[in-house]
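Below is one structure, written out as structure tokens; comments come after it.
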């Protein structure tokens, strides 16, 4: 979605929402985002911890 939008408009695209780790942020930038907003992933440590616990618990 970021690549399609960045290719279609002449203004900077800001990627925001559901960016939970550096890999996802880098992917958004690589696809043309001018910048990335990381919100809950860094401002809600309880939510971040729950995500790690959940994903690491999977076989």
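In our numbering, the protein residues as written are 555 to 613. Note that CB positions come from ideal geometry on N, CA and C, so glycine has one too. None of the values given here were measured: they were computed from a predicted structure.
Between residue i and residue j, what straight-line distance do the alpha-carbon atoms span, to the nearest angstrom?
| i | j | result |
| --- | --- | --- |
| residue 574 | residue 587 | 16 angstroms |
| residue 601 | residue 608 | 11 angstroms |
| residue 591 | residue 561 | 19 angstroms |
| residue 556 | residue 582 | 7 angstroms |
| residue 559 | residue 606 | 30 angstroms |
| residue 578 | residue 564 | 23 angstroms |
| residue 613 | residue 584 | 30 angstroms |
Can you tell me whether residue i is buried or exposed, with buried defined as 16 or more other CB within 10 angstroms of its CB?
| i | result |
| --- | --- |
| residue 604 | exposed |
| residue 569 | buried |
To which residues of the same chain is residue i closer than 6 angstroms at the C-beta, ignoring the five residues directly before and after it?
| i | result |
| --- | --- |
| residue 566 | 588 |
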